[in-house]
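Residue numbers (the numbering used here): 92 to 296. Cβ coordinates follow ideal geometry from the N, Cα and C atoms, glycine included.
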Amino acid sequence: MNATISSPMALLFLAAGASRRMGRDKALLPWQGKTVVAHHYSLLEQVEGIDPWIVTRPIDVALTTELESIGWPGHQRIINPSAPDCEMLLSIQCGVAGILKHPYSTVGIALIDQVLIQPPTFEALANEAERNPQSILQPSFNGRRGHPVLLPRSVAEQLAGFQGPTLKHFLEEHNNQRSLLKVDDRGVVTDMDTPAAYREQLSRL
């Protein structure tokens with residue numbers, strides 16, 4: 092991936108939290124012979140049109156070392172200086188603001204612990220965003236809304252300055268722009284916040 096923009100869409104992974112419920116850094120958990128963050132990076136290498144970005148904590152030596160090891164481009168890593176002692180929305184806004192310095196038309200927001208999402212789902216979302224460039228796009232599985240959430244650039248600019256408490260509140264305020272894409276992929280609504288949830292995901296491999 093080049094230092095210049097190579098895709099119309101940036102996908103921001105949130106990895107700046109403390110992972111308190113898990114008790115370990117979720118980005119560095121083992122997954123299919125890799126770490127979780129390496130899994131995401133290798134997965135997106137199979138998908139055209141999406142550049143992976145990540146927002147992290149400051150002075151996170153272990154995660155920085157892993158990102159270097161897997162070749163995650165340095166200009167696609169953003170440090171939230173307030174993490175992990177801040178709300179998730181601030182990390183989202185920090186990452187989005189960094190992405191908006193580049194000419195992406197779509198900004199996606201992804202959870203680092205949603206490891207079951209399959210490449211065709213990312214492809215379907217990217218294609219739908221291209222067909223409907225003014226819509227906020229959110230995947231749904233069996234009637235449940237999930238992640239990643241894809242924002243047109245104009246909406247991402249509004250999110251960067253949003254004063255509300257959460258991303259959910261922001262999306263509710265822009266519900267008239269939201270479009271759901273039904274996918275046959277449980278991964279969009281499945282995350283792992285606890286050791287028990289992690290073990291359950293491992294059991295599905």
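Cβ-based burial, residue i [other Cβ within 10 Å; buried from 16]
i, result
"R168", "buried"
"T257", "exposed"
"L296", "exposed"
"V152", "exposed"
"R115", "exposed"
"R148", "buried"
"K117", "buried"
"Q225", "exposed"
"D204", "buried"
"A109", "exposed"
"S294", "exposed"
"P243", "buried"
"Y289", "buried"
Delimiting residues of the beta strand (DSSP E) encompassing residue i
i, result
"T147", "141 to 147"
"R115", "Element bounds for R115: n/a, residue is neither H nor E."
"I161", "Where I161 is concerned, there is no enclosing beta strand (DSSP E), although the alpha helix (DSSP H) it sits in stretches over 152 to 161."
"T197", "197 to 202"
"I213", "Strictly speaking, residue 213 in this sequence is Phe, with Ile absent from that position. Run containing F213: none in the beta strand (DSSP E); it sits in the alpha helix (DSSP H), 210 to 222."
"Q84", "The structure shown does not extend to residue 84, since the chain spans only 92 to 296, so no value can be given for it."
Start and end residues, alpha helix (DSSP H) containing residue i
i, result
"P243", "Careful: P243 lies outside any alpha helix (DSSP H), inside the beta strand (DSSP E) at 240 to 243."
"M179", "179 to 190"
"R277", "It is not in any alpha helix (DSSP H) - R277 carries neither H nor E in the DSSP assignment."
"Q292", "286 to 294"
"L135", "127 to 135"
"F104", "Per DSSP, F104 belongs to no alpha helix (DSSP H); it is in the beta strand (DSSP E), 100 to 106."
"L262", "258 to 264"
Contacts around residue i, its chain only, beta-carbon distance under 8 Å, and the 5 residues preceding and following it disregarded
i, result
"W163", "V128, Y132, P143, I145"
"A94", "Reliability of the predicted coordinates at A94 is poor, the pLDDT of 42 falling under 50, and the value obtained from them is presented with this limitation in mind. The residues are P164, H166."
"E157", "A118, L119, T126, V128, A129"
"V240", "G199, I200, I227, L228, Q229, L258, L262"
"G76", "The chain is shown only over 92 to 296; residue 76 falls outside these bounds and no answer can be derived."
Close Cβ partners of residue i (< 7 Å) along its chain, the five nearest in sequence each way excluded
i, result
"M92", "With a pLDDT of only 39 at M92, under the threshold of 50, the placement of this residue in the model should not be trusted, and no figure is reported."
"R277", "L207, F232"
"I190", "A101, L103, W144, V198"
"G219", "A quick correction: the sequence has Glu, not Gly, at residue 219. Around E219: L228, L272."
"N223", "S270"
"Q123", "H130, L296"
"T285", "R112, M113"
Own chain, CB closer than 6 Å to residue i, minus 5 neighbours either side, in chain order
i, result
"Q292", "M283"
"E221", "none"
"G237", "P230, V279, V280"
"I161", "A129, Y132"
"L98", "Leu is not the amino acid found at residue 98; the sequence shown has Ser there. Same-chain partners within the cutoff: G140, I141, D142."
"A188", "A251"
"Q209", "D276"
"S196", "P99, R244"
Residue-level contact to chain B via CB, residue i, 8 Å cutoff
i, result
"R222", "You won't find chain B in this structure, because it holds only one protein chain."
Anticipated Cβ contact below 8 Å, residue i with residue j, distance rounded
i, j, result
"I200", "S270", "Incorrect: roughly 16 Å between the Cβ atoms, too far for contact."
"P175", "A287", "Actually they do not touch by this definition, with Cβ atoms about 22 Å apart."
"V246", "H265", "6 Å"
* Is there contact here, the segment 200 to 214 with the segment 134 to 149, by at least three beta-carbon pairs under 8 Å? -> Touching, yes.
> Taking three-plus beta-carbon pairs below 8 Å as touching, is the segment 169 to 187 in contact with the segment 99 to 109?
Replying inline: Touching, yes, given that three or more Cβ pairs across the two stretches are closer than 8 Å.
- Query: If we count Cβ pairs, one from each stretch, closer than 8 Å, do we get three or more for the segment 246 to 261 versus the segment 183 to 198?
  - Reply: yes
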